[in-house]
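First the structure, in the form of structure tokens, and then the observations on it.
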Amino acid sequence: MNYLAHILLSKSSPEYQLGNLLADPLKGKGWPGISEGYLAGMKMHALIDSYTDAHTLVSRSKARLGEKGYLKGVVVDVVYDHFLTKHWHKFVTLALDDFVAQFERNSSAVLVQLPAPAALFVGRIFQYKVLLSYGELSGVRQALTRIDSRLSARIQKKETASTYMPVLEQNYSAIEQDFLEFFPQLMALFRDKNTGLEAAHYLKPS
Numbered sequence: 163m164n165y166l167a168h169i170l171l172s173k174s175s176p177e178y179q180l181g182n183l184l185a186d187p188l189k190g191k192g193w194p195g196i197s198e199g200y201l202a203g204m205k206m207h208a209l210i211d212s213y214t215d216a217h218t219l220v221s222r223s224k225a226r227l228g229e230k231g232y233l234k235g236v237v238v239d240v241v242y243d244h245f246l247t248k249h250w251h252k253f254v255t256l257a258l259d260d261f262v263a264q265f266e267r268n269s270s271a272v273l274v275q276l277p278a279p280a281a282l283f284v285g286r287i288f289q290y291k292v293l294l295s296y297g298e299l300s301g302v303r304q305a306l307t308r309i310d311s312r313l314s315a316r317i318q319k320k321e322t323a324s325t326y327m328p329v330l331e332q333n334y335s336a337i338e339q340d341f342l343e344f345f346p347q348l349m350a351l352f353r354d355k356n357t358g359l360e361a362a363h364y365l366k367p368s
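In this note's numbering, each residue's number is its place in the sequence shown (first place is 1) plus 162.
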């Protein structure tokens, strides 16, 4: 899963949400003086990723992108955020714009607690409205292009994330159905680990 899903599937504190968001760019490592909230968010990120990577529906989505490919998982992560945006109303009681605005407002108050690179990463997500950019396939394409820019020259010689766009569009409906079956199960995992937090997170009942 990508940024939006990780923030949604978090406890309702900005520290937990930011820990869940930042686990990948920080490689799961904390910093001196890190609070338990950030660490708990990072642990949830790892649980979400391990569950997602092992799930048969996610494997099916990856297979729809071809037999081989190093970046298929990354592409599926991004397109699943697209489908979460598209079907947000099915899963969440709070409007997407309001959810993102609330996250940005609450997180801005604690950015000073983050290491400079992490604060810069979050600031760029806010500045470029990344969390609201997945609604159209053009936003998916832009996200994949940003991923390409961070790839090493060695990997770029083999493949890039954006080259998956044609096969992604060809299999759009099938991958969408994979997501619609998978995401309620991921929500259930989150609820199981965080009993009683449904209302705080605006998640609709499964």
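Glycine residues also receive a C-beta, built at the ideal position from the N, C-alpha and C atoms.
The straight-line gap separating the alpha-carbon atoms of residue 226 and residue 265 is approximately 33 Å. Taking every protein chain shown into account, the CB of residue 330 has 16 or more other CB atoms within 10 angstroms, so this residue is buried.
Listed in chain order, the non-local C-beta contacts of residue 222 below 6 Å within the same chain comprise 340, local neighbours out to five positions each way being set aside.
Shown here, residue 365 sits in a strand according to DSSP, grouped into three states. Distance from the CA of residue 237 to the CA of residue 268, rounded to the nearest whole angstrom, comes to 29 Å. Beyond the five residues adjoining it in sequence on each side, residue 323 comes within less than 7 Å, by CB distance, of 233, 236, 237, 306, 309, 310 in the same chain, given in chain order. Here residue 326 is buried. Its C-beta has 16 or more other C-beta atoms within 10 Å. Using a 10 angstroms sphere on the CB of residue 195, the tally of other CB atoms stays under 16, which defines it as exposed. Of the candidates 277, 270, 239, 174, the residue whose Cα lies closest to the Cα of residue 188 is 277. Rounded to whole angstroms, the separation of the alpha carbons of residue 319 and residue 172 is 37 Å.
Distance between residue 297 and residue 274, taken at the CA atoms: about 30 Å. Within the DSSP bridge table, the entry for residue 220 names no partner.
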